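My numbering applies: residue 1 is where the sequence shown begins, and numbers increase by one.
Taking it in order: structure first as structure tokens, then the write-up.
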Amino acid sequence: MLAALVPDSLPPHLQKRLLGALRKVDGALVARFKRATSPLHITLEVARLGCAVGATFHILLTKRNTAAAMGWIGACWMRPFSGTLLYLTFGINRVQRKAQRLMNRCALPASVPLQSLACNPPGPLQPLVRMLDLITDNKLLRGNSVQPYFSGEAAYPAMLEAINSAKTSIVLGVYIFADDKVGKQFIKALAAAVRRGVAVRVLVDGIGSGYFRSPAYDALRKAGVPAARFMHSFWPWQMTFINLRLHRKILVVDGRVGFTGGMNITVHNLVHLKQPYPIADTAFRIEGPTALQLTDTFARDWAFTTGEVLDGPTFFPNPETPGTIPTRIVASGPDRDMERIEYTMLQAVILAKKHVCFMTPYFIPDSRLATELGLAVLRGVQVDLIVPHPSNHPFVDHARDFYLRPLVKVGVNIWYGTQPFNHSKLMTVDGEWALVGSANMDPRSLRLNFEADAAIHDQAVTRKVLDYMLAQREEQLTMAMIRRWPLWKRLRNSICRLLSPYL
Numbered sequence: 001m002l003a004a005l006v007p008d009s010l011p012p013h014l015q016k017r018l019l020g021a022l023r024k025v026d027g028a029l030v031a032r033f034k035r036a037t038s039p040l041h042i043t044l045e046v047a048r049l050g051c052a053v054g055a056t057f058h059i060l061l062t063k064r065n066t067a068a069a070m071g072w073i074g075a076c077w078m079r080p081f082s083g084t085l086l087y088l089t090f091g092i093n094r095v096q097r098k099a100q101r102l103m104n105r106c107a108l109p110a111s112v113p114l115q116s117l118a119c120n121p122p123g124p125l126q127p128l129v130r131m132l133d134l135i136t137d138n139k140l141l142r143g144n145s146v147q148p149y150f151s152g153e154a155a156y157p158a159m160l161e162a163i164n165s166a167k168t169s170i171v172l173g174v175y176i177f178a179d180d181k182v183g184k185q186f187i188k189a190l191a192a193a194v195r196r197g198v199a200v201r202v203l204v205d206g207i208g209s210g211y212f213r214s215p216a217y218d219a220l221r222k223a224g225v226p227a228a229r230f231m232h233s234f235w236p237w238q239m240t241f242i243n244l245r246l247h248r249k250i251l252v253v254d255g256r257v258g259f260t261g262g263m264n265i266t267v268h269n270l271v272h273l274k275q276p277y278p279i280a281d282t283a284f285r286i287e288g289p290t291a292l293q294l295t296d297t298f299a300r301d302w303a304f305t306t307g308e309v310l311d312g313p314t315f316f317p318n319p320e321t322p323g324t325i326p327t328r329i330v331a332s333g334p335d336r337d338m339e340r341i342e343y344t345m346l347q348a349v350i351l352a353k354k355h356v357c358f359m360t361p362y363f364i365p366d367s368r369l370a371t372e373l374g375l376a377v378l379r380g381v382q383v384d385l386i387v388p389h390p391s392n393h394p395f396v397d398h399a400r401d402f403y404l405r406p407l408v409k410v411g412v413n414i415w416y417g418t419q420p421f422n423h424s425k426l427m428t429v430d431g432e433w434a435l436v437g438s439a440n441m442d443p444r445s446l447r448l449n450f451e452a453d454a455a456i457h458d459q460a461v462t463r464k465v466l467d468y469m470l471a472q473r474e475e476q477l478t479m480a481m482i483r484r485w486p487l488w489k490r491l492r493n494s495i496c497r498l499l500s501p502y503l
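Have a look at this one:
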């Protein structure tokens with residue numbers, strides 16, 4: 001049959017070679033057909049199709065980010081087995097599922113009468129209050145006193161004084177707990193509190209406070225202080241959580257006096273010392289019912305990490321009202337179903353009538369925030385943004401600079417801050433309202449990290465925060481300066497911008 005395909009006009013030796021080639025091709029096709037129709041091959045193809053289809057359904061139902069969804073779908077169809085395995089490992093938010101299982105166990109005890117302290121002050125920011133009532137677990141509570149501290153020299157003595165005066169409980173959650181001059185003072189004070197019979201819990205981040213070795217954590221445990229490391233593991237299957245960090249800074253004493261802000265526990269925040277890397281930062285002392293919201297936020301993180309549920313009057317006493325300032329804690333993280341702090345910023349900018357001021361160490365806005373800042377300027381609102389120059393992360397600075405050009409062009413006032421590097425995360429609106437805490441204005445902070453901010457409705461505190469921010473301005477970025485950026489710098493900024501979701 002194959003011989004009939006060989007032309008008779010060819011020389012005999014070519015006819016023989018062509019016939020041999022045809023027989024080889026025929027044999028290969030027959031073998032391939034047999035393999036393709038074998039039960040094993042059919043099973044593998046069905047499995048490949050099933051993996052791709054199943055993963056696609058899950059991605060379509062759970063992923064809100066279009067770019068992320070398209071990327072995962074493409075990976076699963078191009079490499080059904082390995083792509084699906086990668087998606088199952090890195091693409092599914094198991095943190096949210098685990099946190100939601102613990103949510104009811106860790107909620108504020110019903111015996112704590114906070115509802116009667118809820119309020120909604122009159123004014124143009126009422127819609128913001130109503131929105132946060134709906135999307136957060138915490139109400140805006142009256143009866144607080146708030147004291148800002150604009151340096152480690154001011155904040156650390158106040159924190160240590162509170163720890164040394166503790167009678168019933170201390171909870172401390174922090175990203176960086178260094179085993180240095182400052183850290184040793186806190187370890188000593190916490191150990192002394194344990195010896196007095198105070199219930200102490202300390203939670204440090206599993207990477208920020210040291211991954212392979214955490215001297216402060218080891219020292220706490222050695223001193224008898226109950227401590228844990230948030231999302232820390234050397235097991236490969238738990239490395240999927242390496243990007244999800246505990247970035248909150250929370251200290252609450254006796255359920256009545258709380259501290260929060262951007263300040264870690266490290267000697268670097270003592271800016272008046274002669275040291276290589278001083279860091280300016282802020283902290284806020286909140287005394288009153290809102291301190292219980294800080295305790296509640298810590299308790300959820302602690303239960304998530306250790307499984308222990310903190311409840312009862314030791315950690316959640318009946319609230320006292322030593323002041324008059326309405327305040328609430330806005331907590332966000334991958335365990336929540338929406339970006340609560342980002343939504344808070346967006347709504348506050350939308351409601352602003354006169355002035356919005358931001359200070360952030362890392363600024364990589366998404367399109368929504370950048371658009372709202374520009375629209376605020378166009379409707380007559382003065383918008384000031386203060387960023388460090390430089391920060392401690394050059395790649396983030398380069399990505400940030402890509403986003404500054406359109407903002408400067410539309411009229412946002414971009415200011416480079418004074419030295420040393422300022423790590424504060426602050427926002428004020430119309431001299432009436434302040435948002436302070438741990439959240440940076442970048443995707444990692446607003447979507448991947450566990451953060452906590454305090455929303456403060458008070459003119460006096462807001463004025464102090466605004467005055468501090470304005471005093472940090474050193475040089476304004478102008479379009480003339482941006483136009484002088486060389487081509488290589490603009491190209492570098494654009495390349496770094498592509499990595500901004502991961503910075």
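By construction, the Cβ of each residue, glycine as well, lies at the ideal position given by its N, Cα and C atoms.
It should be emphasised that the depicted structure is a prediction, and the values quoted were computed from it without experimental measurement.
The beta carbons of Phe259 and Gly333 sit no closer together than 8 Å. Per DSSP, Ala192 has no beta-bridge partner at all. Judged by beta-carbon spacing, Ile207 lies beyond the 8 Å limit of Leu190, meaning their Cβ atoms are not closer than that value. For Gly417, the secondary structure class from DSSP, reduced to helix, strand or coil, is strand. Take the alpha-carbon of Leu448 and the one of Pro39: they are about 45 Å apart. Judged by DSSP secondary structure, Gln147 falls within the beta strand (DSSP E) whose first and last residues are 141-149. Using a 10 angstroms sphere on the CB of Gln293, the tally of other CB atoms reaches 16 or more, which defines it as buried.
In the DSSP secondary-structure assignment, Gln476 is bridged to Trp415. In this structure Ile325 is buried. Its beta-carbon is surrounded by 16 or more other beta-carbon atoms within 10 angstroms. When secondary structure is reduced to three states using DSSP, Gln382 falls in the strand class. Our two residues, Ile42 and Cys51, have alpha carbons roughly 14 Å apart in a direct line. A contact is defined here as three or more CB-CB pairs under 8 Å, and the stretch 382-391 meets this definition with respect to the stretch 355-363. For Ser209, no pairing in a beta bridge is given by DSSP. For the pair Val349 and Val377, the CB atoms are not nearer than the 8 Å cut-off.
Here Gly333 carries a coil assignment [DSSP, helix/strand/coil].
Assignment of Cys357 by DSSP, reduced to helix, strand and coil, places it in the strand class. In this structure, the alpha-carbon of Leu351 lies about 46 Å from that of Arg213.
Non-local C-beta neighbours of Thr168 in its own chain, meaning closer than 6 Å and more than five positions away in sequence, comprise Asp254, Thr314, ordered along the chain. Asn392 and Phe421 have their C-alpha atoms roughly 7 Å apart. With contacts defined as CB atoms closer than 8 Å, Phe402 and Asn493 qualify as a contacting pair. If you look at Val410, you'll find it in the alpha helix (DSSP H) that goes 394-410.
Arg497 has its alpha-carbon roughly 7 Å from the corresponding atom of Arg400. For Arg340, the enclosing alpha helix (DSSP H) begins and ends at 340-351. Of the candidates Thr360, Ala331, Asp366, Asp366 places its Cα closest to the Cα of Leu346.
Between Gly437 and Asp453, the CB-CB gap stays under 8 Å.
The DSSP-derived three-state label of Glu372 is helix. Counted as a single uninterrupted DSSP element, the alpha helix (DSSP H) harbouring Met78 occupies residues 66-78. Around the Cβ of Val46, a 10 Å sphere holds fewer than 16 other Cβ atoms; the residue is exposed. Considering only Ala192, Pro390, Asp430, the residue with the shortest C-alpha distance to His423 is Pro390. DSSP lists no beta-bridge partner residue for Glu45.
Here the C-alpha atom of Met441 lies approximately 22 Å from the C-alpha atom of Lys63.
The C-alpha of Val408 is placed about 20 Å away from the C-alpha of Val429.
The three-state reading of DSSP puts His457 in strand, counting E and B together. In the structure shown, Arg221 falls within a helical segment according to DSSP collapsed to helix, strand and coil.
Of the residues assessed, Ser165 falls on the exposed side of the cut-off, its CB having fewer than 16 other CB atoms within 10 angstroms.
The shortest CA-to-CA distance from Thr327 to any of Glu432, Val410, Leu86 is the one to Glu432.
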